[in-house]
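A.B. asks: Here's a structure for you.
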Amino acid sequence: MESIAERAGAGKASLYRRWNSKAELVRDTAYALMREPEQLPDTGSLRDDLCVLLGRTAELMAGPLGEALRAVLSEALADRTRLEDLSRGMGREMMREVVLRGVERGEISRDAVTDLRLDVGQAVLRDRLVFRGLRDVDVSEIVDSVLMPVFRSA
Numbered sequence: 001m002e003s004i005a006e007r008a009g010a011g012k013a014s015l016y017r018r019w020n021s022k023a024e025l026v027r028d029t030a031y032a033l034m035r036e037p038e039q040l041p042d043t044g045s046l047r048d049d050l051c052v053l054l055g056r057t058a059e060l061m062a063g064p065l066g067e068a069l070r071a072v073l074s075e076a077l078a079d080r081t082r083l084e085d086l087s088r089g090m091g092r093e094m095m096r097e098v099v100l101r102g103v104e105r106g107e108i109s110r111d112a113v114t115d116l117r118l119d120v121g122q123a124v125l126r127d128r129l130v131f132r133g134l135r136d137v138d139v140s141e142i143v144d145s146v147l148m149p150v151f152r153s154a
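Counted from 1, the sequence shown has number 152 at position 152 by UniProt numbering; the numbering is strictly sequential.
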């Protein structure tokens with residue numbers, strides 16, 4: 001937090017007033033970057049929207065911010081509550097927005113929109129990130145083999 005405050009020209013105390021930990025700061029930065037400058041995908045197809053959203057997530061995770069997130073996630077492993085907070089939040093909400101568009105278009109049932117189902121794509125990416133490295137991530141395979149069947153099964 002000290003080096004972040006230094007670069008921002010702010011005091012550490014001001015950062016801690018906004019974020020309780022470095023993990024929260026890194027998470028919020030990642031979510032802000034994922035939504036800007038482009039907003040959530042709206043290609044007209046749930047499958048394509050999911051590919052774009054997960055693809056952007058994978059790209060972000062492959063860069064410097066991804067390195068910071070991986071460090072934060074590894075620190076958070078000892079604190080289950082903190083880990084759950086980092087793992088969910090905006091990622092689930094972005095997924096929810098994309099999936100609800102699929103509901104509106106009649107591609108899937110509203111019954112398919114559950115927290116568990118919304119967490120699946122991010123969970124698979126996290127698994128690949130932690131255990132296999134991002135070079136092994138095939139977003140279209142995750143969407144076609146996992147997410148679309150999960151959302152269509154309701």
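Glycine included, each C-beta is placed from N, C-alpha and C at the ideal position.
Please return the same chain residues whose Cβ sits closer than 6 Å to the Cβ of Val52, not counting the five positions on each side in sequence.
C.D. replies: Counted from its first residue, the sequence shown places residue 52 at position 52. Hits under 6 Å: Pro41.
A.B. asks: Can you tell me which of Leu100, Arg47, Ala71 puts its alpha carbon nearest to the alpha carbon of Glu24?
C.D. replies: As a first step, residue 24 is located in the sequence shown; it is residue number 24 there, counting from the start. Checked all of Leu100, Arg47, Ala71; the closest Cα to Glu24 is Ala71.
A.B. asks: Counting Cβ pairs closer than 8 Å, one from the stretch 113 to 120 and one from the stretch 62 to 69, do we hit at least three?
C.D. replies: Contact fails: fewer than three Cβ-Cβ distances are below 8 Å.
A.B. asks: I'd like the list of long-range same chain contacts for Leu46, defined as Cβ closer than 8 Å, with 5 residues on each side in sequence excluded.
C.D. replies: Here residue 46 refers to the residue found at position 46 of the sequence shown. Within the same chain, Leu46 has close Cβ partners Val98, Val99, Arg101, Gly102, Arg105, Glu107, Ile108, Met148, Phe151.
A.B. asks: Since Val150 is in the alpha helix (DSSP H), which residue starts that stretch and which ends it?
C.D. replies: Here residue 150 corresponds to residue number 150 of the sequence shown, with the count starting at 1. From DSSP, the alpha helix (DSSP H) with Val150 extends over 148 to 152.
A.B. asks: Using alpha carbons as the reference points, say which of Ala58, Asp144, Met94, Ser14 lies closest to Asp127.
C.D. replies: Numbered from 1 along the sequence shown, position 127 holds the residue referred to as residue 127. Out of Ala58, Asp144, Met94, Ser14, Ala58 has the C-alpha closest to the C-alpha of Asp127.
A.B. asks: Nearest CA to the CA of Asp144: which residue from Arg7, Val124, Gly133?
C.D. replies: Within the sequence shown, the letter at position 144 stands for residue 144. With distances taken between Cα atoms, Asp144 lies closest to Val124.
A.B. asks: From the DSSP output, in three-state form, read off Thr43 for me.
C.D. replies: On the sequence shown, residue 43 is found 43 positions in, with the first residue counted as 1. Looking at Thr43 - three-state DSSP - the assignment turns out to be coil, as it is neither helix nor strand.
A.B. asks: Near Ile142, what residues of its chain come up, given a Cβ to Cβ distance below 8 Å and the 5 sequence neighbours on each side ignored?
C.D. replies: In the sequence shown, the residue the question calls residue 142 occupies position 142. Closer than 8 Å at the Cβ level, and outside the excluded window around Ile142, lie Leu54, Gly121, Val124, Leu125.
A.B. asks: Helix, strand or coil for Asp111, going by three-state DSSP, please let me know.
C.D. replies: The residue given as residue 111 occupies position 111 in the sequence shown. Of the three classes helix, strand and coil, the one that applies to Asp111 here is helix, per DSSP.
A.B. asks: Reducing DSSP to helix, strand and coil, say where Gly63 ends up.
C.D. replies: By 1-based counting over the sequence shown, the position of residue 63 is 63. Residue state, collapsed to three classes: coil.
A.B. asks: Give the secondary structure of Ala13 by DSSP, where H, G and I count as helix, E and B as strand, and everything else as coil.
C.D. replies: To locate residue 13, count along the sequence shown from 1; it is residue 13. Helix.
A.B. asks: Rounded to the nearest angstrom, what separates Arg18 and Arg96 at their Cα positions?
C.D. replies: Taking the first residue of the sequence shown as 1, we reach residue 18 at position 18. Taking the first residue of the sequence shown as 1, we reach residue 96 at position 96. Computed Cα separation, rounded: 26 Å.
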